[in-house]
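Quick note, this note's numbering runs 1318 ahead of the 1-based positions in the sequence shown.
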Amino acid sequence: MNKVVEVNRLTKAFGNVTAVNQVSFSLEPGKIYGLLGRNGAGKTTIMHLLTAQLFATNGEVKVFGEDPYENRCGSLG
């Protein structure tokens, strides 16, 4: 089955602070998911990485099989 979102070994550091450390997961179409964690666990950082509001320090993000930073205007609609 095709994945809507694929995240592989995603890391984001802000200076000496690592907000997200080698996170991997995939999301399938037609399912409902939740993102849970304590304050400071990296939930918002992960969402910013998925929506190309931040660049990853390392790792890979694919949304509908494409790099979210490279999507052309209107290519997902």
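All C-beta atoms in this analysis are idealised placements derived from N, C-alpha and C, irrespective of residue type, glycine included.
Could you tell me if A1374 is buried or exposed, where buried requires 16 or more neighbouring beta carbons within 10 angstroms of its beta carbon? buried
In angstroms with no decimal places, state the Cα-to-Cα distance between E1339 and L1328. Correcting the residue identity first, residue 1339 is Asn in this sequence and not Glu. Approximately 7 angstroms, taken between the alpha carbons.
If we call anything under 8 angstroms between Cβ atoms a contact, is P1386 one with T1362? no
Cβ distance (whole Å) where S1344 is taken to contact K1321 below 8 angstroms: 5 angstroms
Could you tell me which of V1325, K1349, I1364 and G1348 sits nearest to G1355, measuring between CA atoms? I1364
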